[in-house]
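For reference, the structure discussed in these notes is given below.
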């Protein structure tokens with residue numbers, strides 16, 4: 304996911320380039336299990352400070368349900384909005400000073416290339432919902448025997464009271 308932006312850096316602010324992206328993301332992160340390649344469009348816009356990247360991307364990931372622990376496919380759509388700043392002046396070749404806001408992932412390298420890999424990885428991780436579930440009515444696992452309740456009920460007794468609440472039950476029984 305590398306793009307050479309040397310020509311775009313020579314142009315005035317406002318000039319754009321648009322690319323269609325379709326790329327495998329298997330090696331992006333060990334926690335990401337893609338089921339389909341990353342696809343979408345990326346627009347590079349010349350700004351006064353560098354290159355602004357806008358992207359609308361989609362893929363499908365294999366995740367584990369937080370309730371029943373069964374793997375499932377999650378279609379994922381997310382957008383990118385990030386500004387990349389040059390480290391070398393395109394006209395003079397002089398090294399440019401870095402500001403405190405410049406992150407390594409958003410620098411244009413000495414060869415005038417931007418690498419979207421880290422920005423895409425962060426976008427994917429932020430788009431994954433916390434505690435992903437396979438479906439809205441997932442029943443989860445039995446807290447006693449561990450059976451997947453989506454496959455049917457188990458034979459566990461549910462009348463047991465949490466020992467921390469037994470004193471409260473005694474108070475209710477006295478009334």
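Numbering (my numbering), first residue to last: 304 to 478. Virtual Cβ for every residue (Gly too), placed ideally from N, Cα, C.
Among the options, the one whose alpha carbon lies nearest that of residue i
i           : options               : result
residue 401 : 388, 433, 468 and 395 : 388
residue 379 : 323, 444, 432 and 477 : 432
residue 448 : 459, 438 and 439      : 459
residue 337 : 424, 352, 451 and 440 : 424
residue 339 : 365, 318, 394 and 450 : 365
residue 321 : 414, 355 and 328      : 355
residue 360 : 326, 376 and 454      : 326
residue 375 : 345, 434 and 469      : 434
residue 429 : 335, 437, 414 and 418 : 335
residue 446 : 371, 341 and 330      : 371
residue 328 : 422, 416, 316 and 439 : 422
residue 309 : 393, 383 and 444      : 393
residue 561 : 349, 345, 350 and 397 : In the structure displayed, the chain extends from 304 to 478; residue 561 sits before or after that span and is not available.
residue 330 : 324, 323 and 341      : 341
residue 319 : 312, 347 and 343      : 347
For residue i, the residue or residues it bridges with in DSSP
i           : result
residue 475 : Answer is none; residue 475 lacks a bridge partner.
residue 453 : Residue 453 is not bridged to any residue.
residue 370 : Looking at the DSSP assignment, residue 370 forms no beta bridge with any residue, so it has no partner.
residue 386 : 355
residue 326 : 341
residue 468 : Residue 468 is not bridged to any residue.
residue 321 : 346
residue 398 : 391
Unbroken beta strand (DSSP E) run spanning residue i, endpoints
i           : result
residue 358 : 354 to 367
residue 345 : 341 to 349
residue 305 : 305 to 307
C-beta contact flag for residue i and residue j at 8 angstroms
i           : j           : result
residue 353 : residue 391 : no
residue 426 : residue 381 : yes
residue 368 : residue 441 : yes
residue 350 : residue 386 : yes
For residue i, the first and last residue of its enclosing alpha helix (DSSP H)
i           : result
residue 439 : Where residue 439 is concerned, there is no enclosing alpha helix (DSSP H), given that its DSSP letter is neither H nor E.
residue 424 : 420 to 430
CB contact below 8 angstroms: residue i versus chain C
i           : result
residue 352 : Protein chain content of the structure displayed is limited to a single chain, and chain C is not contained in it.
Heavy atom of the ligand COA within 7 angstroms of residue i beta-carbon
i           : result
residue 360 : Looking for the ligand COA in the displayed structure turns up nothing, as the structure carries no ligands at all.
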